[in-house]
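Q: Each residue of the sequence shown is one higher than the last, beginning at 1 in full-length UniProt numbering.
Can you read through this structure? Questions will come right after.
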Amino acid sequence: MEALERSDCATTAAPGFAAGTLTGPAADNVPLGARWYVGHTLPRKEVLARTNLQQQGFAAYLPRILTTRRHARRFEVVKTALFPRYIFIRLDLTRDRWRSVNGTIGISHIVSSGDLPCPVPAGIVEELSRLTGDDDVVHFEPELAPGDRVRLTGGPFTGGLGVLEQLDARGRVEILLELLNGTVRLKVARELIEPVR
Numbered sequence: 001m002e003a004l005e006r007s008d009c010a011t012t013a014a015p016g017f018a019a020g021t022l023t024g025p026a027a028d029n030v031p032l033g034a035r036w037y038v039g040h041t042l043p044r045k046e047v048l049a050r051t052n053l054q055q056q057g058f059a060a061y062l063p064r065i066l067t068t069r070r071h072a073r074r075f076e077v078v079k080t081a082l083f084p085r086y087i088f089i090r091l092d093l094t095r096d097r098w099r100s101v102n103g104t105i106g107i108s109h110i111v112s113s114g115d116l117p118c119p120v121p122a123g124i125v126e127e128l129s130r131l132t133g134d135d136d137v138v139h140f141e142p143e144l145a146p147g148d149r150v151r152l153t154g155g156p157f158t159g160g161l162g163v164l165e166q167l168d169a170r171g172r173v174e175i176l177l178e179l180l181n182g183t184v185r186l187k188v189a190r191e192l193i194e195p196v197r
């Protein structure tokens, strides 16, 4: 999201066109009209921002995931923003009073380049929405599951084969590495293994 905020969106209006007309690469071959944009929220105010945007009549999408946090010596599973401090807002720049979004309680500003908001590339929000379940949580399709055969792609055992035992929330995996006519339990970073097909 930060890269999108710093990028140049190339959405300046040509002379003689409406201020919200999108041209060039930013249009992504999508017809003019409603597009998704990114709103930057105040810290931990994503839900408040979504509620206030919806009360104003804007379509707002806040992708959330389940995370485990420790509070008062207990662990609890809570819904948190997939992109902390960011929310997606559907706007038609030629029809909606989109500048009012900047004054919405919970919103810091719309991610913009110059005077116009930067549109989100086509398909991203739709894909996130497709992965969102009835529980209002994004469920990514796991590419690896316990029991899958894997190959190490880095470290001292590069090329070694094994079986995935478990994945944890910190991005570490535990595998049973086949080594010298036996197996050795090994914990490695998720990035260091790939599935064997």
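A virtual CB, placed ideally from N, CA and C, is assigned to each residue, including glycine.
Quick check on DSSP: helix, strand or coil for residue 124?
A: Residue 124: helix per DSSP, three-state reduction.
Q: Are the stretch 72-84 and the stretch 50-61 touching, with three or more C-beta to C-beta distances below 8 Å?
A: Touching, no, given that fewer than three Cβ pairs across the two stretches are closer than 8 Å.
Q: Quick one: Cα of residue 83 to Cα of residue 110, how far?
A: For residue 83 and residue 110, the distance between alpha carbons rounds to 15 Å.
Q: Looking only at its chain, what residues have a beta carbon closer than 6 Å to the beta carbon of residue 154, apart from the 5 residues adjacent to it on each side?
A: Excluding residues within five positions, the ones whose Cβ falls inside 6 Å are 192.
Q: Look at the Cβ atom of residue 152, then the Cβ atom of residue 139, and state whether they are nearer than 9 Å.
A: Cβ distance not < 9 Å, so residue 152 and residue 139 don't count as in contact.
Q: At 3 residues or longer, what runs of the beta strand (DSSP E) sit wholly inside the stretch 94-124?
A: Complete beta strand (DSSP E) runs here, min 3: 107-110.
Q: Just to confirm the assignment: which complete beta strand (DSSP E) runs, minimum length 3, are found wholly within the stretch 131-191?
A: If we require 3 residues or more, the beta strand (DSSP E) runs fully inside the stretch 131-191 come out as 149-152, 161-167, 172-179 and 182-189.
Q: From the DSSP output, which residues share a beta bridge with residue 79?
A: Answer is 66, bridged to residue 79.
Q: Could you give the distance in angstroms between the alpha-carbon of residue 98 and the alpha-carbon of residue 175?
A: In a straight line, the C-alpha of residue 98 is about 51 Å away from that of residue 175.
Q: Mind checking which residues open and close the beta strand (DSSP E) that includes residue 35?
A: Counting along the chain, the beta strand (DSSP E) containing residue 35 begins and ends at 35-41.
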